[in-house]
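K.L.:
To convert, note that position 88 of the sequence shown is 1357 in our numbering; the numbers rise steadily by one, no gaps.
One structure, pasted below without further comment.
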Amino acid sequence: MGYATLLFVCAACRARAQANPLLVMSIPARWTGTEYVADADGKREPVCEGCARALLARFKREGLPIPIVAGHPDYFARAYHESAETQDL
Ligand SMILES: [Zn+2]
């Protein structure tokens, strides 16, 4: 059995980050050639833990629907500090 970790550049703050590819939070964004910018029509790009936490806080503040998986108390531990088992991919 193998494990997979997604290595990526955060679409929101451009920090290098890693996460569980199945659980990582993503935002619709578009690559301009130099950076990602938020774009509702863009393809979903992953964001880092810091940006995901900020996004979730904003969703809560604005009363927007929170993805079920991200509402779990251990979401950040699982999404940003564990790998996915390849059998789940
Ligand atoms: Zn970020």
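Where a beta carbon is used, it is the ideal one built from N, C-alpha and C, also for glycine.
How long is the line joining the alpha carbons of A1273 and L1291, rounded to whole angstroms?
P.N.:
In a straight line, the C-alpha of A1273 is about 9 Å away from that of L1291.
K.L.:
Report the start-end ranges of each beta strand (DSSP E) in the stretch 1279 to 1355 that is 3 residues or longer and not cut off at the edges.
P.N.:
Listed in chain order, the complete beta strand (DSSP E) runs (minimum 3 residues) inside the stretch 1279 to 1355 are 1285 to 1288, 1295 to 1300, 1305 to 1307, 1312 to 1315.
K.L.:
Would you say the beta carbon of A1281 is closer than 8 Å to some non-hydrogen atom of ligand 1?
P.N.:
Flag set: Cβ of A1281 near ligand 1.
K.L.:
Going straight from the alpha carbon of N1289 to that of P1336, what length do you get?
P.N.:
Those two C-alpha atoms are separated by around 16 Å.
K.L.:
Does any heavy atom of ligand 1 sit closer than 8 Å to the C-beta of A1288?
P.N.:
The answer is no for A1288.
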